[in-house]
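-11 is the number of the first residue of the sequence shown in the numbering used here; add one for each residue after it. Beta carbons: idealized from backbone N, C-alpha and C, even for Gly.
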Amino acid sequence: MYKVDVPVQPGETRFDISYTVPFSSPGVFAGKALDREGRVWLVAPQGVTLKGDGLQPPRQDPSTRASVYEVKGREYKVELAAAAASSEQENGPSLDQIMPRIYGSVYPILGLAFGVLALGFVLLYRMSAAPSATAPRSRPGR
């Protein structure tokens, strides 16, 4: 339930509420409209269909190609289903994952980085093991 904390002007007012929920099969989504005169629309992305009582046949939003269902009544309970792939989608270009060019030479870069780190470690170790140059040397016989 949501509460509006600002005055709403008379006439038609539109509130767009968007959220995501984790999907589990079968996907069932239910809700209730508190306003008796208000209209409720459910929007499903392309490739997802809604089935349930009180849903009007979908119309398509021209900008996003999403299906828009109008709910008749105050309560709704819909089931989410993936639409069958159309022949247009099957014959269209497929998506290919193209990795950056640097991934072709990851091992040489890692080897060089570890080599530089090892060299730095050896030089620091040898410098701490060397005698201090500021300490006075004692001469034999004096």
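For residue i, I'd like the list of residues in its chain whose CB is within less than 7 Å of its CB, leaving aside the five on either flank, ordered along the chain.
{"i": "P14", "result": "E67"}
{"i": "S75", "result": "With a pLDDT of only 46 at S75, under 50, the local geometry of the prediction cannot be trusted, and no value is derived from it."}
{"i": "P33", "result": "A54"}
Give the DSSP-derived three-state secondary structure of residue i in the structure shown.
{"i": "L38", "result": "strand"}
{"i": "A18", "result": "strand"}
{"i": "S51", "result": "coil"}
{"i": "E76", "result": "Per-residue confidence for E76 stands at a pLDDT of 49, beneath the threshold of 50, marking its modelled position as unreliable; the derived number appears in the next sentence. E76 falls in the helix class under three-state DSSP."}
If we call anything under 8 Å between Cβ atoms a contact, is residue i one with residue j?
{"i": "A18", "j": "K39", "result": "no"}
{"i": "V59", "j": "D49", "result": "no"}
{"i": "V(-4)", "j": "K65", "result": "no"}
CB-CB under 8 Å to residue i, same chain, minus the five flanking residues each way: which ones, in chain order?
{"i": "L105", "result": "none"}
Excluding the five sequence neighbours on either side, which residues of its own chain have a C-beta within less than 6 Å of the C-beta of residue i, listed in chain order?
{"i": "G22", "result": "The amino acid occupying residue 22 in the given sequence is Leu; Gly does not appear at that position. Once the five neighbours on either side are set aside, L22 has no close Cβ partner at all."}
{"i": "V28", "result": "A21 and V59"}
{"i": "Y91", "result": "none"}
{"i": "F102", "result": "none"}
Thinking residue i and residue j are a contact (beta carbons under 8 Å), I'd like their distance in whole angstroms, please.
{"i": "G61", "j": "G42", "result": "5 Å"}
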